[in-house]
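Chains as they are written, first to last, in this note's numbering: chain A, 47 to 390; chain B, 47 to 390.
Using N, Cα and C, we set each Cβ at its ideal position, and we do this for glycine too.
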DNA sequence: TAGAAAGGTGTTAGCGCTAACATGATAGCG
DNA sequence: CGCTATCATGTTAGCGCTAACACCTTTCTA
């Protein structure tokens with residue numbers, strides 16, 4: 047008796063939530079049967095299961111998922127790591143991931159690196175500590191320590207956004223080719239003196255890859271491929287500023303290839319204020335295929351990348367793996383589409 | 047010996063990650079000291095701590111946060127529940143929350159209800175099962191069961207977006223008053239025949255509150271306050287369609303008060319295509335204060351709500367509570383600002 | 001009709017960590 | 001010098017759940 051009292055004083059939570067054991071007692075079964083009623087219904091007799099569910103309802107049982115994860119050494123978490131939440135591009139990928147994973151009962155753990163590889167490493171460590179079922183990260187670049195950590199991890203790792211030699215699974219598009227594609231289009235339209243305008247290209251290295259594709263095409267055709275780098279990653283205001291800078295420094299430019307649609311749309315809107323005719327005075331092209339570009343007059347020429355679909359496909363590949371089904375291709379090119387508007 | 051063998055065969059994970067116990071052995075201390083080296087450094091001698099950290103580094107220790115949470119009955123999770131990820135408004139709030147919580151070492155668990163209160167209840171149950179430290183949810187409306195669950199929960203609950211009688215903490219703005227504010231502005235500018243255009247007002251009930259404020263002002267001034275409801279929540283295309291519908295059904299309208307900036311901007315861009323003069327032929331007003339509206343010509347009259355700041359303030363209030371500091375006001379009006387452009 | 005297979009449930013022993021209490025050493029004090 | 005206070009560390013006992021195995025019953029098979 048005194049022994050029992052001692053034990054009781056050492057309990058952490060006096061009046062905590064009802065536990066599975068209490069539910070089991072209320073239903074006249076063992077704890078493991080109650081556990082199975084939730085996690086493996088097909089292994090429990092139907093009547094027994096109904097009795098257990100009724101007991102759960104009655105006592106107000108809320109499963110302790112932390113305890114379940116510890117015991118089973120897995121959680122229904124999917125770690126998702128992106129470099130930024132400012133950029134609508136990542137939001138759309140997240141949306142695709144979230145919809146697909148949530149429908150299958152997985153919970154997303156969202157991490158934001160702010161374009162810092164060290165921060166990514168730290169997030170990966172934290173997420174591994176949560177026994178995630180899989181990890182999805184934007185991009186193929188990681189710190190060596192982070193790469194090592196992920197390589198020795200035995201669960202699916204998915205890298206999205208770009209295409210290349212990845213750790214495990216990969217769904218993305220070829221940014222260099224996208225840059226080439228737009229450059230070819232500009233040449234076809236007769237624009238020879240095109241300026242590429244990007245921002246923070248050290249962090250937004252996918253935009254840099256697009257520039258490299260652009261430069262390759264222009265230089266192969268015997269033209270220069272000047273580059274202007276802005277300070278702000280992607281906003282309408284920055285795009286307006288970009289147009290001003292091109293007008294000031296490249297007075298003979300006949301086209302601007304912007305790193306993204308936010309910049310391009312900002313420039314297009316600004317061109318109205320400056321009284322410039324697009325594309326006659328200057329052509330404007332973007333990247334992303336945002337709806338805004340299609341609502342402007344003239345419509346923005348851009349490249350649409352299926353971002354939500356990318357998230358969805360990535361999630362499906364990961365789920366295949368989690369279901370122990372064969373993953374047909376570890377690397378999957380999601381492609382892109384040139385949308386020709388009247389701005390070029 | 048045979049006993050030990052039996053035990054060994056019953057282990058779940060043969061070659062699992064190194065545990066705290068192994069780190070402790072490597073450093074020549076007990077497990078609890080190693081635990082304290084991470085979670086309560088001030089309670090461990092500096093040299094001992096350095097030795098432990100070095101051992102962790104050496105063996106590649108990754109803390110098992112699931113086990114820690116189970117033992118301590120708390121996690122560093124903050125549940126965040128929003129009705130949609132399509133709407134940039136929620137994204138911005140999430141950004142504010144995320145930045146503030148992440149800086150303090152909390153991890154956000156993001157849930158999307160798709161405007162379904164039953165789904166919200168389910169998410170709340172799941173999140174409580176993860177021993178979250180606090181819960182942030184968008185809006186004051188919940189299912190009765192969900193409300194009951196949250197009321198008996200003993201951790202901070204924060205409701206954001208709107209202002210009113212909440213469960214616990216509340217940071218938001220008065221949408222009815224915002225609707226009144228814009229309506230007064232329209233009257234001041236001489237617009238008497240104003241149409242309110244919203245979308246899915248059963249789900250976007252905050253927009254409905256703005257309409258009610260709008261109607262109150264117009265009716266008190268002796269004018270009608272017609273309402274048109276669109277099918278799509280907020281997109282440029284839907285806004286263009288909204289303008290068409292107003293032109294078709296209210297030929298004498300002199301102003302359109304849109305439920306949000308996406309719709310309003312869509313209409314403004316469409317007005318160019320229709321050859322309408324804004325505001326002379328028709329005035330256009332929005333809500334949200336998106337950057338896009340300020341880049342259009344004419345600039346969009348709208349109401350700016352400080353959404354990222356709302357997220358940040360909400361997070362700070364919750365952190366105060368978690369730090370056991372006094373929360374000065376449980377309800378906090380974040381306010382709004384009328385941005386007058388040339389579109390009215 | 002014996003034996004195997006399948007179905008349904010229970011017992012036991014942890015998962016890896018930390019709360020609570022315990023202990024020993026050192027410092028501070030009159 | 002004995003007393004308490006503080007610091008640094010250790011021992012013990014779970015947190016609530018599920019994997020692994022065990023066992024009994026019922027059904028199927030040859």
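- In summary, the residues of the region 306–327 of chain A whose CB is separated from some CB of chain B by less than 7 Å are 312, 315, 318, 319, in the order they occur in the chain.
- Ranked by Cα distance from residue 220 of chain B, the first of B:96, B:388, B:383, B:329 is B:383.
- Just so you know, the alpha carbons of residue 266 of chain B and residue 238 of chain B end up roughly 12 Å apart.
- Secondary structure at residue 345 of chain B: coil, using DSSP grouped into helix, strand and coil.
- With a threshold of 16 other beta carbon atoms within 10 Å, residue 118 of chain A falls short and is exposed.
- Residue state for residue 296 of chain A is assigned as coil, using DSSP reduced to three classes.
- At a cut-off of 9 Å between C-beta atoms, residue 283 of chain B counts as an interface residue with respect to chain A.
- Per the Cβ contact rule, the region 360–380 of chain A is not in contact with the region 331–346 of chain A (fewer than 3 Cβ pairs under 8 Å).
- Cβ-Cβ separation between residue 348 of chain A and residue 307 of chain A: approximately 5 Å, consistent with a contact (criterion under 8 Å).
- Chain B has no Cβ within less than 9 Å of the Cβ of residue 203 of chain A.
- Cβ contact annotation for residue 301 of chain A (same chain, cutoff 6 Å, sequence separation greater than five): 232, 237, 240, 329, in chain order.
- Secondary structure at residue 123 of chain B: strand, using DSSP grouped into helix, strand and coil.
- Taking the Cα positions, residue 210 of chain B is about 18 Å away from residue 352 of chain B.
- Distance between residue 179 of chain B and residue 189 of chain B, taken at the CA atoms: about 22 Å.
- Residues of chain B whose Cβ lies closer than 7 Å to the Cβ of residue 64 of chain A do not exist, since the nearest Cβ in that chain is about 12 Å away.
- Inclusion of residue 234 of chain A and residue 218 of chain A in the CB contact set at 9 Å is not warranted, their separation being larger than that value.
- Within chain A, the residues placing a beta-carbon under 8 Å from that of residue 337 of chain B are 281, 282, 283, ordered along the chain.
- Secondary structure note for residue 242 of chain B: its beta strand (DSSP E) is the uninterrupted segment 240–245.
- Given a length threshold of 4 residues, each whole run of the alpha helix (DSSP H) inside the region 58–94 of chain A is given here in chain order: 66–73, 77–85.
- Per DSSP, the unbroken beta strand (DSSP E) holding residue 154 of chain B starts and ends at 153–158.
- C-alpha of residue 226 of chain A to C-alpha of residue 340 of chain B: approximately 33 Å in a straight line.
- Taking the beta carbon of residue 115 of chain A as reference, the chain B residues within 7 Å of it are 112, listed in sequence order.
- Collapsing the DSSP output to three states places residue 146 of chain A in a helix.
- From the listed residues B:289, B:254, B:87, B:64, the smallest Cα separation to residue 321 of chain B is found for B:289.
- Residues of chain B whose Cβ lies closer than 9 Å to the Cβ of residue 240 of chain A do not exist; the shortest such Cβ separation is about 24 Å.
- For residue 145 of chain B, the closest Cβ of chain A is nearer than 9 Å.
- Shown here, residue 383 of chain B sits in a strand according to DSSP, grouped into three states.
- Straight through space, the alpha carbons of residue 84 of chain B and residue 98 of chain B are spaced by roughly 9 Å.
- For residue 269 of chain A, there is no enclosing beta strand (DSSP E), as DSSP marks it with neither H nor E.
- Residue 186 of chain A is a Cβ neighbour of residue 205 of chain A, given a cutoff of 9 Å.
- Contact between residue 191 of chain A and residue 167 of chain A holds, since their C-beta atoms are separated by about 5 Å, short of 8 Å.
- Put simply, of A:292, A:356, A:360 the residue whose alpha carbon is nearest the alpha carbon of residue 327 of chain A is A:292.
- Taking 9 Å as the cut-off, the Cβ atoms of residue 134 of chain B and residue 281 of chain A do not count as close.
- Listed as beta-bridge partners of residue 330 of chain B by DSSP are B:302.
- If you look at residue 172 of chain A, you'll find it in the alpha helix (DSSP H) that goes 163–175.
- Residue 153 of chain A belongs to the set of residues whose beta carbon lies under 9 Å from a beta carbon in chain B.
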